[in-house]
Amino acid sequence: MTQSEFWGLRRRWFAWGINQVMKVYEPRIAERKLQLFGGLNGRILEIGPGTGVNFKYLNPNVDWIGLEYNQYMFPYLAREADRYGIKHELVQGSAQEMPLPDNSVDYVIGTLVLCSVPNPVQVLREIERVLKPGGRYVFVEHVAAESGTLTGMIQSVVKPLWCCCADGCHPDRKSWATIETAGFAEVAIDHFKLKFPVVSPHISGYALKG
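Here the sequence shown is numbered in our numbering, starting from 11 and rising by one per residue.
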């Protein structure tokens, strides 16, 4: 097996695996996501949309663009977009170098993305660049547990294996701090916990472009 074939197989497996995990995760976060995403309209960019779990929360009249680096997610995304009747465009690429013009979208959605990108600061720069003035970045992320807690210690211990098995996902990133210092005009963040192993600490909220 060539290196290219290995990474293709790994990404195909990850697409299938994350689709199974989301079946357990989504019911626990559904109400919060509906509150965050249900009122969005206009042109929406979703970064790292995975298998399309967020379509069910969106207004079907939105103009949706999905930026996803793993092409094996595309069949899941197309199926879910059609299921919920949402006009969609799928683009393969990195959130660190978004192939969109400046000031071109009304909203950017990111759910469980900052945990796995190589450079979260660069991703937030790109988000602010593509948002129109007054546009919003709306997010849900799992984050680091408080220092000294059992969950925090577990995150530290399992991190190497977790990153390897979960396609680069870091269970202990302090993403709230990264967002707060990214230079947005306004940031609102809510900290909460889900009953989910290792990654129970979460944040949700929005960041407004001035």
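Ideal placement from N, C-alpha and C gives every residue a C-beta, glycine not left out.
Chain-order list of residues whose beta-carbon lies under 8 Å from that of residue i (same chain, five-residue window excluded)
i: G162; result: A154, A155, E156 and D182
i: V72; result: L50, N51, G52, R53, I54, I96 and K97
i: P111; result: V140
i: R21; result: N80, Q81, Y82 and D177
Residue range of the unbroken alpha helix (DSSP H) whose run includes residue i
i: G145; result: Per DSSP, G145 belongs to no alpha helix (DSSP H); it is in the beta strand (DSSP E), L141 to H152.
i: M163; result: L160 to C175
8 Å Cβ cutoff met for residue i and residue j
i: Q102; j: E136; result: no
i: R42; j: F206; result: no
i: Y117; j: V148; result: yes
i: T121; j: N64; result: yes
i: A25; j: Y79; result: no
i: F210; j: D200; result: The question names Phe, but residue 210 in the sequence shown is Ser. Their beta carbons are not under 8 Å apart, which means S210 does not touch D200 by this criterion.
i: C232; j: H152; result: Residue coverage of the chain in this structure runs from 11 to 220, which leaves residue 232 outside it and unanswerable.
i: S188; j: V131; result: According to the sequence displayed, residue 188 carries Thr and not Ser. Going by C-beta atoms, T188 is nearer than 8 Å to V131.
i: I164; j: V208; result: yes
i: L77; j: F47; result: no
i: T61; j: N113; result: no
i: Y257; j: A198; result: With the chain represented from 11 up to 220, any question about residue 257 goes unanswered, as that position is not in the structure.
Host beta strand (DSSP E) of residue i (start-end)
i: V197; result: E196 to K203
i: G215; result: P211 to L218
Sequence-distant residues of the same chain with beta carbon closer than 6 Å to residue i, five excluded per side
i: E138; result: K219
i: E196; result: L218
i: S185; result: L124, E151 and V153
i: F84; result: L100
i: W74; result: I54, I96 and H98
Chain-order list of residues whose beta-carbon lies under 7 Å from that of residue i (same chain, five-residue window excluded)
i: V127; result: A105, Q106 and V133
i: L204; result: R38, I39, S210 and H212
i: R35; result: In the sequence under discussion, the amino acid at residue 35 is Tyr, which differs from the Arg named in the question. Closer than 7 Å at the Cβ level, and outside the excluded window around Y35, lie F206.
Within-8 Å CB hit, residue i to chain B
i: V150; result: No chain B is present in this structure, which holds just one protein chain.
Are there three or more Cβ pairs, one per stretch, closer than 8 Å when the segment 50 to 63 is compared with the segment 160 to 178? As far as the Cβ criterion goes, the segment 50 to 63 does not touch the segment 160 to 178, which means the pair count is below three.
Start-end ranges of the beta strand (DSSP E) lying completely within the segment 55 to 119, minimum 3 residues: 73 to 78 and 98 to 102
Do the segment 81 to 97 and the segment 127 to 145 make contact, defined as three or more Cβ pairs closer than 8 Å? no
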